[in-house]
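In this text, residue positions in the sequence shown follow the numbering used here: the first is 121, and each later residue adds one.
Virtual Cβ for every residue (Gly too), placed ideally from N, Cα, C.
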Amino acid sequence: MEKVILARIGEIALKGLNRSVFERRLAVNIRKMISDLGPAKVRWSQSRFYIEPEDDTFMFEEALERLTGVFGLVSISPAVVVPSEEEAVFAEAVAQMKQEMENRTVSTFKVETKRGLKTFPLNSPAISAEAGGRILDAFPELTVDVKNPDVIIYIEVREQSYVYSQILPAPGGMPTGCNGKACLLLSGGIDSPVAGYMIGKRGVSICAVHFYSYPYTSERAKEKVLELASLVSRFTGPMKVMIVPFTDIQLEIHQKCKGELGTVLLRRSMMRIADRLARKNGCSALVTGESVGQVASQTMQAIYCTDASANMPVYRPLIGMDKMEVVAIAQKIGTFETSILPYEDCCTVFTPKHPKTRPMLSEIEEEEKRVDLGPMEDKAINEIEVVRFD
Ligand code: ATP
Ligand code: MG
């Protein structure tokens, strides 16, 4: 019995002339994702990728699991390949129903057929009817329900025939690496890893910047951020993480500036540093996990003041989301459990009791004159620590 994985593409199918560029990129990403799982061919034709194991050392289940996370794919099916002959196709349809019934309670089903091979003696409805009849003969307790069946057995008759019963969802989006590069401001919280995932889903490669305030934040807080980077990079591809020593800047702002403006001043410094590091790394945007009104530093006015300090566009993929929606994505992509580990973030260390929720840019700029952050920002950039995830 020969098993293959069918993987379907979404939006890329809508691309015109440069569609093949996206497909080739996706093929590279798929090959890379499964490269350590054993020998398999990856080919594509008509909005469909075929992942064909070359022998049975190929780790099929693990490949399925990984492919459900590949950007650019909308769904995945494990399928069995049989010769395009009536008996072989019908026998496999019955076998797959048997397997479904071993895994769960099934009382209704239907068969859906696509016939691409015009020389096959039966047309699509006739194939479905015959396969359905064989299944009913084998399992008389089942009934056919075309509207809302418990199981659908899919049959595709081409040069060879594919029979399958599962369609697993994949994230959609665009293949990683086909839409430039952005720099993610990655904290240890719930939001920024999700923001990185969201921008990555549009085919954007990412590098990350983390501001680290040792000894106010611990070594374990840094490890947590690196763990988050590693989790996000499983989806978004290789990631360079730059850890910026931020303690001196924080202390300076804390000591010399009005507490109520401290958070916005800090965030402006983060933006300036991230902007410079992003430029050095060939990025054309910054990405943050901000969402309107979530905390004092994320009011419309505070974001206005923060934004004014960056030169490149700042993308905020979570801007209109509620916390619960962000949490749901964090759980889906597997970052939530790490994000909620209780290590302090540099922003929480000096958080003022009453941050100003409606700062004016003019007062922020005035306050910023009390500190000479330029040389400190240069120094921080010179002292970054770099960690790579491939
Ligand atoms: P998160 O859950 O991502 O930490 P948050 O809701 O805690 O977000 P803030 O702490 O105000 O919100 O941070 C807003 C955004 O600023 C974060 O999503 C992240 O992009 C960036 N940011 C905050 N702290 C850091 C940090 N220490 N290093 C890098 N980026 C940071
Ligand atoms: Mg945070």
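Residue from the options whose Cα sits closest to the Cα of residue i
i    : options                   : result
L187 : E220, V124, M221 and G236 : V124
F180 : I393, S227 and I196       : I196
S285 : K376, E497 and E220       : E220
I501 : G300, E261, M390 and S140 : M390
E372 : A394, F470 and L304       : F470
L242 : Q216, P335, V209 and E261 : V209
G402 : P313, K360 and D368       : K360
K376 : E488, E122 and G494       : E488
A341 : V506, P198, G158 and L461 : L461
K452 : I154, A127 and E185       : E185
E205 : L493, Y282, S312 and I393 : Y282
V446 : E276, A315, L134 and A160 : A315
G309 : P159, P335 and V345       : V345
F191 : P289, L493 and T458       : P289
F229 : G323, A211, S248 and F240 : S248
L381 : I449, E343, F178 and P475 : P475
I154 : E174, P291 and P203       : E174
E457 : P313, V194, K267 and E250 : P313
R145 : R163, P159 and L386       : R163
I85  : P335, I393 and G323       : What the structure shows of the chain is the stretch from 121 to 510, and residue 85 is not part of that stretch, so it cannot be assessed.
C73  : Y334, V271 and E486       : This structure leaves residue 73 out entirely; the chain is present only between 121 and 510.
P72  : T177, F355 and E143       : Lying outside 121 to 510, the shown extent of the chain, residue 72 is not represented and no answer is given.
Y334 : S244, L134, Y463 and S459 : Y463
I132 : A251, A147 and E122       : A147
E250 : K400, E182 and I275       : I275
M432 : P203, A416, Q418 and K400 : K400
V324 : S353, E339, P203 and S244 : S353
K378 : A215, N223 and R490       : R490
Burial state of residue i, where buried means 16 or more other Cβ atoms lie within 10 Å
i    : result
R508 : exposed
Q166 : exposed
M515 : Beyond the ends of the chain as shown, which are 121 and 510, falls residue 515; an answer cannot be given.
T225 : exposed
G320 : buried
K473 : exposed
E428 : Going by the sequence as given, residue 428 is Ala instead of Glu. Classification for A428: exposed.
T395 : Strictly speaking, residue 395 in this sequence is Asp, with Thr absent from that position. Flag for D395 reads buried.
M318 : buried
V506 : exposed
G494 : exposed
S482 : exposed
D311 : buried
V271 : buried
R478 : exposed
V141 : exposed
A450 : buried
R387 : buried
A246 : exposed
V266 : exposed
S459 : buried
S227 : exposed
M121 : exposed
G253 : exposed
L262 : buried
7 angstroms Cβ cutoff met for residue i and residue j
i    : j    : result
I273 : A213 : yes
N149 : T296 : yes
L348 : T455 : yes
G293 : S404 : no
F331 : V384 : no
R156 : P358 : Note that residue 156 is Asp in the sequence shown, not Arg. Not in contact: D156 and P358 (Cβ atoms no closer than 7 angstroms).
M496 : D368 : yes
I326 : L304 : yes
M420 : L397 : no
V512 : Q280 : The chain is shown from 121 up to 510; residue 512 falls before or after that span and cannot be answered.
V407 : A302 : yes
V194 : G136 : no
F169 : A199 : no
V264 : F240 : no
K161 : E172 : yes
G189 : F366 : no
Check: residue i C-beta below 6 angstroms from any heavy atom of the ligand GDP
i    : result
F331 : Here the bound small molecules are the ligand ATP and the ligand MG; the ligand GDP is not part of this structure.
At what residue ranges does the segment 183-232 contain a whole run of the beta strand (DSSP E), taking only runs of 3 or more? 193-203
Is the segment 436-450 close to the segment 399-413, with three or more CB pairs under 8 angstroms? yes
Which ranges would you report for the alpha helix (DSSP H) in the segment 238-273 if only whole runs of at least 4 residues count? 244-258
Closer than 8 angstroms is the cut-off here; do at least three beta carbon pairs connect the segment 234-243 with the segment 254-268? no
Going residue by residue through the segment 319-403, where are the continuous beta strand (DSSP E) segments of at least 3 residues, counting only ones entirely within it? 325-332 and 359-365
Runs of 4 residues minimum, wholly inside the segment 444-505: which ones carry the alpha helix (DSSP H) assignment? 456-459, 466-469, 481-488 and 493-502
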